[in-house]
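Report on one structure; see the data block that follows.
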Amino acid sequence: MALCGGVGAMALPSELIVHIFSFLSDRDKLRASAVCSRWRECLFYPALWTELRLRIGGRNGNGNGHNGNGRNGPNGSGSSSDETPKLEFLMRKFGSFVRDLQLELAPAEGNMGHLNNDPSTARMDQPPGPDGDPQLSERWRDAMATYLDQVLCVFTSIRNNRIQQLLMELLSNSRQLRWLSCSFMLGLVTPCSLACLSNPSAETLQHLSLLDHQLGPLISPSEADRLSNLRSLALDFSDFTSELCGLLASPRRTPLHRLSLLLNGAALEFKPLEGTATDDDWKALVIQQSPLISPSEADRLSNLRSLALDFSDFTSELCGLLASPRRTPLHRLSLLLNGAALEFKPLEGTATDDDWKALVRVSANLRVYIMALEVDSSELLRVLKPSLPLERLHLDSYSTLVTDATLELISQQYNKTLTHFLLLRDGPDFPDLSVNRNEDPLVLLAWRCTQLAVLVIHGESKLGLSRY
Numbered sequence: 179m180a181l182c183g184g185v186g187a188m189a190l191p192s193e194l195i196v197h198i199f200s201f202l203s204d205r206d207k208l209r210a211s212a213v214c215s216r217w218r219e220c221l222f223y224p225a226l227w228t229e230l231r232l233r234i235g236g237r238n239g240n241g242n243g244h245n246g247n248g249r250n251g252p253n254g255s256g257s258s259s260d261e262t263p264k265l266e267f268l269m270r271k272f273g274s275f276v277r278d279l280q281l282e283l284a285p286a287e288g289n290m291g292h293l294n295n296d297p298s299t300a301r302m303d304q305p306p307g308p309d310g311d312p313q314l315s316e317r318w319r320d321a322m323a324t325y326l327d328q329v330l331c332v333f334t335s336i337r338n339n340r341i342q343q344l345l346m347e348l349l350s351n352s353r354q355l356r357w358l359s360c361s362f363m364l365g366l367v368t369p370c371s372l373a374c375l376s377n378p379s380a381e382t383l384q385h386l387s388l389l390d391h392q393l394g395p396l397i398s399p400s401e402a403d404r405l406s407n408l409r410s411l412a413l414d415f416s417d418f419t420s421e422l423c424g425l426l427a428s429p430r431r432t433p434l435h436r437l438s439l440l441l442n443g444a445a446l447e448f449k450p451l452e453g454t455a456t457d458d459d460w461k462a463l464v465i466q467q468s469p470l471i472s473p474s475e476a477d478r479l480s481n482l483r484s485l486a487l488d489f490s491d492f493t494s495e496l497c498g499l500l501a502s503p504r505r506t507p508l509h510r511l512s513l514l515l516n517g518a519a520l521e522f523k524p525l526e527g528t529a530t531d532d533d534w535k536a537l538v539r540v541s542a543n544l545r546v547y548i549m550a551l552e553v554d555s556s557e558l559l560r561v562l563k564p565s566l567p568l569e570r571l572h573l574d575s576y577s578t579l580v581t582d583a584t585l586e587l588i589s590q591q592y593n594k595t596l597t598h599f600l601l602l603r604d605g606p607d608f609p610d611l612s613v614n615r616n617e618d619p620l621v622l623l624a625w626r627c628t629q630l631a632v633l634v635i636h637g638e639s640k641l642g643l644s645r646y
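Note that the working numbering gives residue 613 to position 435 of the sequence shown, counting from 1, and the numbers run on in steps of one.
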């Protein structure tokens, strides 16, 4: 080592020093790196670390590892927790150079022991039984945690070298990427990975999956802002922040169609739910979402005979398009009216009575089925247009009450078209059937609707029907 300061050692070219170091064991390489900065620089050459053989885990023991050529490698002594920082240093410095890795788990009571041909050293001790020593059980759990931490340290460093580099090159050179799924890949994808995505692919990417409960958010709001045409997204729930939700709710973006969120209880300790999307954020996101079928898409489906939609999505524009004489007449239209969704999918812009008239002129045999869930009577009166060819009406409620005025309107406007009427209520309150009335409104409905074939009343109601 004294030669390091002499003329002969300093005069040697780096390539020759590296060649000399290649004959040393991994342990001696690490020791030699502490001699001087010149040797330390030479020891970081990738050619010296293409092969690596490690034994990890165990407790309270001494021993040696070996490199890929059978020579002695790094050794460790003391507890396994003392070895973890050394292993992290080793993998951080040289893991990106490794091309051939041999990894063996030391016995639970050993620590980086000698590799030999004894099969008993290649297996872990059996876990203690349920009636065993509690301290032994705790030591076993600690040993298992050490195994997992060290294996993850090694695999993360190995996988992150050339594979991560290839992924970043792929993202930067892509031009029309539409699907990208990187889930549970042991740190292969980092928070910086999406920053490498080319601008053309950022515009075409529609489906993105980023699930990794061990890392922080894999996508930042600024990176998500570039992906303006995303239609589906998969994330850890902890990564779906209020800021990210607000960005996805922007009207400048393509509406999101599918969102998959993973909620891992074991990860909540280090990835808490603070800062995730609030109820107001969800409302803003849902309001931004457009109907699942746009008028331009419906225009292509020129031979549609039946259609089922949310009532809020049956807009005046869509109704006008379906009324075109160039299209095949529509025979059946099913509409769902969900009272719980009206807060963020309001009825403004839905088909007017004139729109229904135009549609019926083209589709003379059109029959409409409406299912209303928890809808207030005031909202029902808004959607039950006189020109609507209503054939089936299903009213299902628990907390809302269908008034007798609503039943009166139904029995008068649809007396020639209504064939099925279902009124389901889980609560005790039904339309007022007794206050200063000569006739029950349900009886009047059954009597007026001459085409009525099915009448279902579910709940507490005293009802008498008479049909001629």
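Beta carbons: idealized from backbone N, C-alpha and C, even for Gly.
In the assembly as shown, L470 is an exposed residue. Its beta-carbon has fewer than 16 other beta-carbons within 10 Å.
Apart from sequence neighbours up to five positions away, the residues of its chain that approach F418 with a beta-carbon distance below 7 Å are L439, T454, A455, ordered along the chain. Counting only runs of 3+ residues, the beta strand (DSSP E) found wholly inside the stretch 460-544 occupies 484-488, 510-516, in chain order.
In the three-state reduction of the DSSP assignment, V329 falls in the helix class, which pools H, G and I. Counting only the Cα atoms, L482 lies some 32 Å from A427.
In the DSSP assignment, S575 falls outside any alpha helix (DSSP H) and lies within the beta strand (DSSP E) extending over 568-575. Here I397 carries a coil assignment [DSSP, helix/strand/coil]. Counting only residues of its own chain and dropping the five nearest sequence neighbours on each side, Q590 has a CB closer than 8 Å to the CB of R626. For K207, the number of other beta carbons within 10 angstroms of its own is at least 16, and it is reported as buried. Contact between S565 and V540 is absent: CB atoms are separated by about 13 Å, not below the 8 Å threshold. According to DSSP, residue pairing for C374 in a beta bridge does not occur. A distance below 6 Å between beta-carbons, with the five flanking residues on each side excluded, links S480 to the following residues of its chain, in chain order: R505.
V553 and K449 have their C-alpha atoms spaced approximately 40 Å apart. In the three-state reduction of the DSSP assignment, S416 falls in the helix class. Boundaries around V632 are those of the beta strand (DSSP E), 632-636, since no alpha helix (DSSP H) includes it.
The DSSP-derived three-state label of R430 is coil. Distances from the alpha-carbon of F599 to those of E617, T578, S577, L622 put L622 closest. Annotation: L633 to Y547 spans about 15 Å, alpha carbon to alpha carbon. Rounded to whole angstroms, Q384 and D477 show a C-alpha spacing of 23 Å. Pairing H509 with L544 gives a Cβ-Cβ distance under 8 Å. Taking all protein chains shown into account, P524 has fewer than 16 neighbouring C-beta atoms within 10 Å of its C-beta and is therefore exposed.
With respect to the 8 Å criterion, D459 and C497 are not classified as neighbours on the basis of their beta carbons. Taking all protein chains shown into account, D533 has 16 or more neighbouring C-beta atoms within 10 Å of its C-beta and is therefore buried. When R233, A444, L513 are compared, the shortest CA-CA separation from Q328 is found for R233.
For T324, the secondary structure class from DSSP, reduced to helix, strand or coil, is helix. Of the candidates D204, R216, R209, F201, R216 places its Cα closest to the Cα of P191. Between the alpha carbons of L345 and N377 lies a gap of roughly 16 Å. The beta-carbon separation of E557 and L520, rounded to 6 Å, stays under the 8 Å limit for a contact.
Secondary-structure assignment with DSSP links A550 through a beta bridge to L515, L573.
Spatial neighbours of Q280 in its own chain (CB-CB distance under 6 Å, excluding positions within 5 residues in sequence) are listed in chain order as R231.
A buried status is given to D618, since no fewer than 16 other beta-carbon atoms sit within 10 Å of its beta-carbon. Here T628 carries a coil assignment [DSSP, helix/strand/coil].
According to the DSSP secondary-structure assignment, F599 is paired through a beta bridge with L571, L633. A check of alpha carbon separations from L511 across A518, L500, G517 identifies L500 as the nearest. Counting only the Cα atoms, R356 lies some 48 Å from F199. The three-state reading of DSSP puts S410 in strand, counting E and B together.
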